[in-house]
Amino acid sequence: MDARNLIELLEATTNPDPVNISQAEERLHQMKKIIEFAPTLLRIVMQNDLGIPIRLAGSIYLKNLITSNWQDREVEAGAPVIYSIHEQDRAIIRENIVEAIVLTPEIVRSQLAQCVNHIIKYDFPGRWTQIVDKINIYLQNPDVT
Numbered sequence: 001m002d003a004r005n006l007i008e009l010l011e012a013t014t015n016p017d018p019v020n021i022s023q024a025e026e027r028l029h030q031m032k033k034i035i036e037f038a039p040t041l042l043r044i045v046m047q048n049d050l051g052i053p054i055r056l057a058g059s060i061y062l063k064n065l066i067t068s069n070w071q072d073r074e075v076e077a078g079a080p081v082i083y084s085i086h087e088q089d090r091a092i093i094r095e096n097i098v099e100a101i102v103l104t105p106e107i108v109r110s111q112l113a114q115c116v117n118h119i120i121k122y123d124f125p126g127r128w129t130q131i132v133d134k135i136n137i138y139l140q141n142p143d144v145t
């Protein structure tokens, strides 16, 4: 996944021109099903060298993506398959999102916390037993940030 292209699209969503916003949102919508899309969004959100508006836009898009497409869905025979985030991408997000919350500014952190809340609802404890250990590590080491 090309992070530069994704950064440009996120930046375009912060543009005051509604046409640019609409085009960028449509392109993001087209890209969301590509493997590595969601983890790339998370990596962008964690980049300290990017401006807060881009990181915030990325965190909001990631939150909406996770909220809408995290859980596996049952599909009836003959019905179209409903998109959900690929398990490989979900594993990468589970592995990195706690660290992302610790290392990002408050405005971004609040969006990521909502992601964690949603992920826990579907994946804890079955698929995400290590979250307790990850949180414990950061609670015991306040100097990580």
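Mapping of the sequence shown onto the UniProt record's numbering: residues 1 to 145, in sequence order. Where a beta carbon is used, it is the ideal one built from N, C-alpha and C, also for glycine. All figures in this text were calculated on a predicted structure; none of them were measured in a lab.
Taking 8 Å as the cut-off, the beta carbon of ILE7 is found closer than this to the beta carbon of LEU50.
Straight-line measurement puts the Cα of ASN48 at about 19 Å from the Cα of PHE37. Counting C-beta pairs with one atom in each stretch, the segment 117 to 126 and the segment 82 to 102 have three or more that are closer than 8 Å, which means they touch. For PHE37, the enclosing alpha helix (DSSP H) stretches over residues 37 to 46.
Residue environment: ALA24 is assigned as buried (16 or more neighbouring CB atoms within 10 Å of its CB, all protein chains considered).
The C-beta distance from VAL108 to SER59 rounds to 5 Å, short enough to meet the 8 Å contact threshold. Setting aside the 5 residues that flank it on each side, ILE97 is surrounded in the same chain by LEU42, LEU112, CYS115, VAL116, ILE119, each with a C-beta closer than 8 Å to its C-beta; the list follows chain order. With fewer than 16 other beta carbons inside 10 angstroms of its own, VAL19 counts as exposed. For PRO39, the closest alpha carbon among the candidates HIS86, GLN130, THR129 is that of HIS86.
By the Cβ-count criterion, THR129 is exposed, with fewer than 16 other Cβ atoms from all chains shown falling within 10 Å of its own Cβ. Between the alpha carbons of ILE44 and ALA3 lies a distance of about 7 Å. GLN111 carries a helical assignment under DSSP once its states are collapsed to helix, strand and coil. Exclusion of the five residues before and after THR104 leaves VAL45, MET46, ARG55, SER59, LEU112 as the residues of its chain whose Cβ lies within less than 8 Å of its Cβ.
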